[in-house]
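Peer 1: For the sequence shown, the working numbering assigns the number 323 to the last residue and increments by one with no breaks.
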Amino acid sequence: MKLEITSVVGYVRISSESQKDNTSVAEQKKRIYAYCTSQDWKLKGIYVDEAKSGSKTDERIEYAKMLAFAQDTSNEIDAIVVFKSDRIHRHLKNLLIMIEDDLQPYDIAFISVSENFDTSTPQGMLTLQMLGSFAEFERNLINERTRSGRVVTAKAGKYAGGQVPYGYELVDGNFVINELKARIVREMFQIYSEGKSYGFIAKYINSLIKQSGDDPGSPEANKNWSRTSICYILSNASYTGLLSYDGKKEKNKIQVKASFPPIISKQLFNKVQAIREQKRKTSV
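Below you can see the structure in the form of structure tokens.
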């Protein structure tokens, strides 16, 4: 069943490039006026954004005014009319969001003159649903490609995203040792290998940082190590040059020899893990 349309508003946008393809302000207005006249609709105004990007709605003042006017129920607007859908949104995803979030809750239809697209009709809604399905498929395809790219990068031993381990910095996509932080990491592993507890190490490292005389406003000077944060450091195999990657979506638990330098030896890391496991067993 077609929704009844009596009053509409028009929207026109041009960018610096659009002058080349016969979509000037005058041409768009002309087509909107003609279409509304043919449908016997009352056109209550046309909002115009000139030389504005189609992807940045926050920079389009008239776009915001148009939506506010249309959503005001006292104005009794039944539809928004454009010459072509990319005049209001260049990307399909943004167009669908606008229709679903800004128009449908107010029973406002979206109509594109040149594309014969009208969401007030069952055919138009079917087209919208099909477009939504294609958009979802495209998003899933892009996500899959992105995930595959991250996996390939991780398997190559390179940074593929996630938190950079304490003691390293990311420079041009590569891990570089931060010597100040790396010294703290080495201290933690060495002290624990000598039989000290997490709590002891936390107190020692915190006092060491205070004695170093760092700028009080620096992140290091204000960092307060806890038993939990010490435990996290001591369980991280990255410090041996072994890259671990377990993407939130992929859940692939990749662990390969990385292309970044180790901070501690594998022997020290293994010794610490053995002590941690022994303490865990004796505490049960």
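Glycine included, C-beta positions come from ideal geometry on N, C-alpha and C.
(1) Please list the terminal residues of the continuous beta strand (DSSP E) segment that includes E333.
(2) Could you check the C-alpha separation between Y231 and Y278 for me, to the nearest Å?
(3) So, helix, strand or coil for R129, using DSSP?
(4) Since I116 and A109 are thought to touch, with beta carbons under 8 Å apart, how far apart are those beta carbons, to the nearest angstrom?
(5) May I have the straight-line CA-CA distance separating L135 from I147, to the nearest angstrom?
(6) Looking only at C-alpha atoms, which of N245, G49 and Q317 sits nearest to Y74?
(7) Kindly indicate which three-state DSSP category N114 falls into: helix, strand or coil?
(8) If I measure Cβ to Cβ from R70 and keep anything under 8 Å in the same chain, skipping five residues before and after, which residues do I get?
(9) Given a threshold of 16 other Cβ atoms within 10 Å of its Cβ, counted over all protein chains shown, does A313 qualify as buried or as exposed?
(10) Would you report the Cα separation of L247 and E226, rounded to the nearest angstrom?
(11) Compute the beta-carbon to beta-carbon distance between T160 and F149, rounded to the nearest angstrom, for a pair I have assumed lies under 8 Å.
(12) Cutting at 7 Å between CB atoms, please list the residues of its own chain near D140, excluding the five before and the five after it.
(13) Candidates F156, V120 and Q143: which alpha carbon is nearest T76's?
(14) Terminal residues of the continuous beta strand (DSSP E) containing Y50?
(15) In the DSSP assignment, find the unbroken alpha helix (DSSP H) run with S310 in it and report its ends.
(16) On a Cα-Cα basis, can you pick out the residue from Y102, I223 and R266 that is closest to Y237?
(17) Is DSSP giving F214 helix, strand or coil here?
(18) What is the rounded straight-line gap between the Cα of G206 and the Cα of T321?
(19) So, under 8 Å CB-CB, N263 and N245 are touching, yes? Tell me the CB distance rounded to an integer number of Å.
(20) How many angstroms separate the CA atom of N275 from the CA atom of L281?
(21) In the structure shown, what three-state DSSP assignment does V152 receive?
(22) What's the gap between the Cα of V215 and the Cα of D125?
(23) Under 8 Å by Cβ, that's how I've got D88 and Y102 pegged, so tell me the actual separation to the nearest angstrom.
(24) Looking at the structure shown, is D141 part of a helix, part of a strand, or coil, going by DSSP?
(25) From this set, A221, Q306, K235 and Q78, which residue's C-alpha is nearest P300's C-alpha?
(26) Report the three-state DSSP secondary structure of K242 (helix, strand or coil).
Peer 2: According to the data block:
(1) Outside the shown range of the chain, which is 40 to 323, sits residue 333, and nothing can be said about it.
(2) CA-to-CA, the gap between Y231 and Y278 works out to about 15 Å.
(3) Assigned with DSSP and collapsed to three states, R129 falls in coil, not helix or strand.
(4) Confirmed, Cβ separation roughly 4 Å.
(5) Cα to Cα, the separation comes out at about 13 Å.
(6) The shortest C-alpha separation from Y74 is found at G49.
(7) Correct three-state label for N114: helix.
(8) Result list for R70: F122, V152 and S153, in chain order.
(9) Exposed: under 16 other Cβ atoms inside 10 Å.
(10) L247 and E226: Cα-Cα distance of roughly 10 Å.
(11) Not a contact, Cβ separation roughly 11 Å.
(12) Cβ contact annotation for D140 (same chain, cutoff 7 Å, sequence separation greater than five): none.
(13) With respect to the C-alpha of T76, the residue from F156, V120 and Q143 having the closest C-alpha is V120.
(14) Element bounds for Y50: S46 to I53.
(15) According to the sequence displayed, residue 310 carries Lys and not Ser. Start and end: K305 to S322.
(16) Nearest option by C-alpha distance: R266.
(17) Three-state DSSP puts F214 in a strand.
(18) Their Cα atoms are separated by approximately 31 Å.
(19) Contact flag correct, Cβ pair sits at about 6 Å.
(20) Taking the straight line joining both Cα atoms gives about 9 Å.
(21) In the structure shown, V152 sits in coil (DSSP, three-state: anything other than H, G, I, E or B).
(22) Between V215 and D125, the C-alpha separation is close to 45 Å.
(23) Separation of the CB atoms of D88 and Y102 is rounded to 6 Å, and the pair is thereby assigned contact status at 8 Å.
(24) In the structure shown, D141 adopts helical secondary structure according to DSSP, grouped into three states.
(25) Residue A221 is the option with its Cα nearest to P300.
(26) DSSP places K242 in helix when its eight states are reduced to three.
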